[in-house]
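Visitor: Structure below; questions to follow.
Residue numbers (the working numbering): 1 to 308.
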């Protein structure tokens with residue numbers, strides 16, 4: 001029995017070398033009585049590393065910064081020289097029901113409040129990260145923003161607000177901007193098509209054209225709406241701005257998660273290209289293999305997909 005115990009203990013010690021990447025958790029803000037936390041996953045290295053700040057998905061209603069589906073992606077980046085911060089933000093649509101949306105204006109106001117709160121929290125997490133650059137051995141000039149679904153909307157919105165100077169950033173370096181933005185099925189919320197007063201950071205956009213949760217192209221009511229990856233990519237390419245657009249024809253909202261498994265190397269290539277100053281515009285078109293899929297979703301379709 002004693003020998004078996006020793007063997008089991010040795011096995012536990014051996015397997016611990018393959019455990020989930022070590023993380024450090026910090027409270028970076030208290031909003032509405034709730035503590036907002038972030039997890040820092042440190043990449044080893046003598047020189048300061050790039051850092052990717054990640055915002056989870058969940059339709060601004062739910063989600064977790066340490067969702068098990070994200071961890072292998074974080075580990076891959078950490079193992080390849082990129083530190084990771086995964087952050088909380090307020091989910092202001094939590095508990096919302098379709099009956100709570102009594103008019104188009106109510107819908108616009110509720111969504112605008114949710115996106116604005118998430119962006120504010122993401123900026124605070126960014127400022128906290130930059131303030132700890134020395135302690136965490138990260139390069140404050142190589143801060144990448146990344147998100148999934150609602151988190152992707154958050155990071156794209158954050159970059160748009162930075163470029164249009166519509167948000168104040170206390171605690172940020174002068175003229176701070178993200179080094180790059182990675183979006184897994186995201187969009188920008190605005191009145192009228194999105195625009196950028198100054199050249200935005202390089203972007204890597206993943207999206208499926210059969211997505212009924214976040215519009216691939218756009219979902220609008222009157223003058224407001226969500227403008228998806230195809231609109232964003234086309235406008236940036238036309239303006240000569242740096243963007244990689246990876247579209248998957250026939251893919252649904254699974255693209256909010258699947259690139260973290262299937263295209264982690266592409267994300268790493270994007271980070272390396274930006275850091276090396278060798279970024280070039282490109283578009284990748286992939287087929288999902290699905291047949292007879294829909295792409296003509298109405299605003300009602302998006303509401304049903306997200307609120308049910």
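Beta carbons: idealized from backbone N, C-alpha and C, even for Gly.
Note that this is a predicted model, so its numbers are computed, not measured.
For residue 49, which residues from the same chain have a beta carbon less than 7 angstroms from its beta carbon, with the 5 sequence-adjacent residues on both sides left out?
Guide: Translated into positions along the chain shown, residue 49 becomes position 49. Within the same chain, residue 49 has close Cβ partners 43, 81, 82, 83, 137, 138, 139.
Visitor: Would you kindly report the start and end of the unbroken alpha helix (DSSP H) that includes residue 275?
Guide: For the purposes of this step, residue 275 is taken as residue 275 along the chain shown, with counting starting at 1. From DSSP, the alpha helix (DSSP H) with residue 275 extends over 264-276.
Visitor: Reducing DSSP to helix, strand and coil, say where residue 260 ends up.
Guide: One-based indexing of the chain shown puts residue 260 at position 260. Of the three classes helix, strand and coil, the one that applies to residue 260 here is helix, per DSSP.
Visitor: DSSP three-state call for residue 136: helix, strand or coil?
Guide: As a first step, residue 136 is located in the chain shown; it is residue number 136 there, counting from the start. Under the three-state reduction of DSSP, residue 136 is assigned to helix.
Visitor: Assign residue 25 to one of two classes, buried (16 or more other C-beta atoms within 10 Å of its C-beta) or exposed (fewer than that).
Guide: Residue mapping note: residue 25 aligns to position 25 of the chain shown, counting from 1. Exposed.
Visitor: Who does residue 227 pair with in a DSSP beta bridge?
Guide: One-based indexing of the chain shown puts residue 227 at position 227. Bridge partners of residue 227: 188, 218.
Visitor: Quick test of your reading: residue 144 and residue 180, contact by CB under 8 angstroms. State the CB separation rounded to the nearest angstrom.
Guide: Taking the chain shown and counting its residues from 1, one reaches residue 144 at position 144. Taking the chain shown and counting its residues from 1, one reaches residue 180 at position 180. With a Cβ gap of about 5 angstroms, residue 144 and residue 180 count as contacting.
Visitor: At a cut of 8 angstroms, does the stretch 187-205 reach the stretch 264-276 through at least three beta carbon pairs?
Guide: yes
Visitor: Under a three-way DSSP split, which group does residue 109 fall into?
Guide: For this step, residue 109 is matched to residue 109 along the chain shown. Of the three classes helix, strand and coil, the one that applies to residue 109 here is helix, per DSSP.
Visitor: Quick one: Cα of residue 304 to Cα of residue 276, how far?
Guide: Taking the chain shown and counting its residues from 1, the one referred to as residue 304 is at position 304. Taking the chain shown and counting its residues from 1, the one referred to as residue 276 is at position 276. Roughly 43 angstroms between the two C-alpha positions.
Visitor: Whole angstroms are fine: how far does the CA of residue 96 sit from the CA of residue 233?
Guide: As a first step, residue 233 must be located in the chain shown, where it is residue number 233. As a first step, residue 96 must be located in the chain shown, where it is residue number 96. Their backbone Cα atoms lie some 31 angstroms apart in a straight line.
Visitor: With DSSP collapsed to three states, give me the class of residue 163.
Guide: In the chain shown, the residue the question calls residue 163 occupies position 163. Helix at residue 163.
Visitor: For residue 243, count neighbouring C-beta atoms within 10 Å of its own C-beta (all shown protein chains included) and say buried if the count is 16 or more, exposed if not.
Guide: Counting from one through the chain shown, the residue named residue 243 turns up at place 243. Burial call: buried.
Visitor: Run through DSSP, which three-state label would residue 173 get?
Guide: As a first step, residue 173 must be located in the chain shown, where it is residue number 173. If DSSP states are grouped into helix, strand and coil, residue 173 belongs with coil.
Visitor: One question on the structure: do residue 86 and residue 34 come within less than 8 angstroms of each other, judged by their Cβ atoms?
Guide: By 1-based counting over the chain shown, the position of residue 86 is 86. By 1-based counting over the chain shown, the position of residue 34 is 34. No, they are not a contact pair.
Visitor: Hey, would you say residue 150 sits closer than 8 angstroms to residue 225, going by beta carbons?
Guide: Within the chain shown, the letter at position 150 stands for residue 150. Within the chain shown, the letter at position 225 stands for residue 225. Not a contact, by the Cβ cut-off of 8 angstroms.
Visitor: Would you list the one or two residues that DSSP bridges to residue 141?
Guide: On the chain shown, residue 141 is found 141 positions in, with the first residue counted as 1. None, per the DSSP bridge assignment.
Visitor: Based on the DSSP secondary-structure assignment, which residues constitute the bridge partners of residue 301?
Guide: By 1-based counting over the chain shown, the position of residue 301 is 301. DSSP output for residue 301 lists no bridge partner at all.
Visitor: Can residue 72 be considered in contact with the ligand FAD, in the sense that its beta carbon sits closer than 7 angstroms to one or more heavy atoms?
Guide: In terms of ligand content, the structure shown is empty, and the ligand FAD therefore cannot be addressed.
Visitor: Spatial neighbours of residue 236 within its chain, please: CB distance less than 6 angstroms, with the 5 preceding and 5 following residues excluded, ordered by chain position.
Guide: The count along the chain shown starts at 1 and reaches residue 236 at position 236. Once the five neighbours on either side are set aside, the close Cβ partners of residue 236 are 243.
Visitor: For the beta strand (DSSP E) that residue 79 lies in, which residues bound it at each end?
Guide: Here residue 79 is taken as the residue at index 79 of the chain shown, counted from 1. Not the beta strand (DSSP E): residue 79 falls in the alpha helix (DSSP H), residues 71-79.
Visitor: If you drop the 5 nearest sequence neighbours on each side, which residues of the same chain put their C-beta closer than 6 angstroms to that of residue 290?
Guide: Position 290 of the chain shown, counted from the start, is the residue given in the question as residue 290. Around residue 290: 250.
Visitor: Per DSSP, residue 243 forms a beta bridge with which residues?
Guide: What you label residue 243 is simply residue 243 of the chain shown in a count that begins at 1. Per DSSP, 203.
Visitor: Measuring straight from C-alpha to C-alpha, what distance separates residue 32 and residue 287?
Guide: Reading the chain shown from its first residue, position 32 is the one you call residue 32. Reading the chain shown from its first residue, position 287 is the one you call residue 287. C-alpha separation (whole angstroms): 44 angstroms.
Visitor: How about residue 256 and residue 155: are their beta carbons less than 8 angstroms apart?
Guide: For the purposes of this step, residue 256 is identified with residue 256 of the chain shown, where counting begins at 1. For the purposes of this step, residue 155 is identified with residue 155 of the chain shown, where counting begins at 1. Cβ distance not < 8 angstroms, so residue 256 and residue 155 don't count as in contact.
Visitor: Does the distance from the CB of residue 147 to the CB of residue 117 come in under 8 angstroms?
Guide: Along the chain shown, read from residue 1 onward, the residue named residue 147 stands at position 147. Along the chain shown, read from residue 1 onward, the residue named residue 117 stands at position 117. Not closer than 8 angstroms, so no.
Visitor: Check the C-beta distance from residue 121 over to residue 90 and give it rounded, since I have them as a contact under 8 angstroms.
Guide: Mapped onto the chain shown, residue 121 falls at position 121. Mapped onto the chain shown, residue 90 falls at position 90. For a cut-off of 8 angstroms, the C-beta gap from residue 121 to residue 90 is around 6 angstroms, short enough to register as a contact.
Visitor: With a threshold of 7 angstroms on Cβ separation, who are the neighbours of residue 126 within its own chain once the five nearest residues in sequence on each side are excluded?
Guide: Numbered from 1 along the chain shown, position 126 holds the residue referred to as residue 126. Within the same chain, residue 126 has close Cβ partners 53, 143.
Visitor: Please work out which residues of its chain come closer than 6 angstroms, Cβ to Cβ, to residue 302, disregarding the five sequence neighbours upstream and downstream, and give them in chain order.
Guide: Along the chain shown, read from residue 1 onward, the residue named residue 302 stands at position 302. For residue 302, where only same-chain residues beyond five positions count, the Cβ hits under 6 angstroms are 219.
Visitor: Can you tell me the Cα-Cα spacing of residue 130 and residue 292, whole angstroms?
Guide: As a working note, residue 130 is residue 130 in the chain shown. As a working note, residue 292 is residue 292 in the chain shown. Cα atoms of residue 130 and residue 292: separation of roughly 47 angstroms, rounded to the nearest angstrom.
Visitor: Are the beta-carbon atoms belonging to residue 157 and residue 188 less than 8 angstroms from one another?
Guide: Along the chain shown, one-based indexing puts residue 157 at 157. Along the chain shown, one-based indexing puts residue 188 at 188. Yes, Cβ-Cβ distance for residue 157 and residue 188 is below 8 angstroms.
Visitor: Below 8 angstroms on the Cβ atoms is my contact criterion, and I expect residue 165 with residue 197 to pass it. Report the Cβ-Cβ distance as a whole number of Å.
Guide: Numbered from 1 along the chain shown, position 165 holds the residue referred to as residue 165. Numbered from 1 along the chain shown, position 197 holds the residue referred to as residue 197. With 8 angstroms as the limit, residue 165 and residue 197 qualify as a contact, their Cβ atoms being about 7 angstroms apart.
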